[in-house]
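**Student:** Below you will find the structure I want to go over with you.
In this note's numbering, the protein residues as written are 1 to 117.
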């Protein structure tokens, strides 16, 4: 059973930056495309960034040009660099292996990102 642990969230002012990390307990991490998802209060969980096994990336239009996903297979870790943050980026952020646009493994606890002045 793969466990995912997200970290790096916090309170930041509009225009600020955060870097999220997601550590996986399993070495099988390197064999899967990974994604960052977010869920705002009262909304469905949505996929915002994805990275293939080989490092190809894709982003939701709402974060394109501001967020960057990366992975370190040696550390079983995926990252999300978030710049130019907006209040509408406020959400709990989760990572997971991808099954289409959905998560493949059990969800971790997520990390809260709050963008507010």
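Think of the CB as a built atom: it goes at the ideal place given N, C-alpha and C, for glycine as much as any other residue.
Determine the extent of the beta strand (DSSP E) in which residue 26 is found, giving its start and end residues.
**Tutor:** Within the chain shown, the letter at position 26 stands for residue 26. Premise fails: residue 26 is in no beta strand (DSSP E) and is neither H nor E.
**Student:** By DSSP, does residue 73 sit in helix, in strand, or in coil?
**Tutor:** Sequence index remark: in the chain shown, residue 73 carries index 73 (1-based). Three-state DSSP puts residue 73 in a helix.
**Student:** If you measure between the beta carbons of residue 108 and residue 46, is that distance less than 8 Å?
**Tutor:** Translated into the one-based positions of the chain shown, residue 108 becomes position 108. Translated into the one-based positions of the chain shown, residue 46 becomes position 46. Their beta carbons are not under 8 Å apart, which means residue 108 does not touch residue 46 by this criterion.
**Student:** Do you know how far the Cα of residue 72 is from the Cα of residue 33?
**Tutor:** For the purposes of this step, residue 33 is taken as residue 33 along the chain shown, with counting starting at 1. For the purposes of this step, residue 72 is taken as residue 72 along the chain shown, with counting starting at 1. One C-alpha to the other measures close to 12 Å.
**Student:** Between residue 2 and residue 35, how many whole angstroms is the CB-CB distance? I'm expecting something under 8 Å.
**Tutor:** Reading the chain shown from its first residue, position 2 is the one you call residue 2. Reading the chain shown from its first residue, position 35 is the one you call residue 35. At roughly 14 Å, the Cβ-Cβ gap does not stay under 8 Å, so residue 2 and residue 35 are not in contact.
**Student:** Give the single residue among 77, 74 and 51 whose Cα lies nearest to the Cα of residue 67.
**Tutor:** Counted from its first residue, the chain shown places residue 67 at position 67. The option with the nearest alpha carbon to residue 67 is 51.
**Student:** Going by DSSP in three states, residue 6 sits in which element: helix, strand or coil?
**Tutor:** Residue numbering aside, residue 6 sits at position 6 when the chain shown is read from its first letter. In this structure, residue 6 counts as strand in the three-state DSSP scheme.
**Student:** Buried or exposed, going by whether 16 or more other CB atoms sit within 10 Å of the CB of residue 103?
**Tutor:** Sequence index remark: in the chain shown, residue 103 carries index 103 (1-based). The residue in question, residue 103, is buried, as its Cβ has 16 or more Cβ neighbours within 10 Å.
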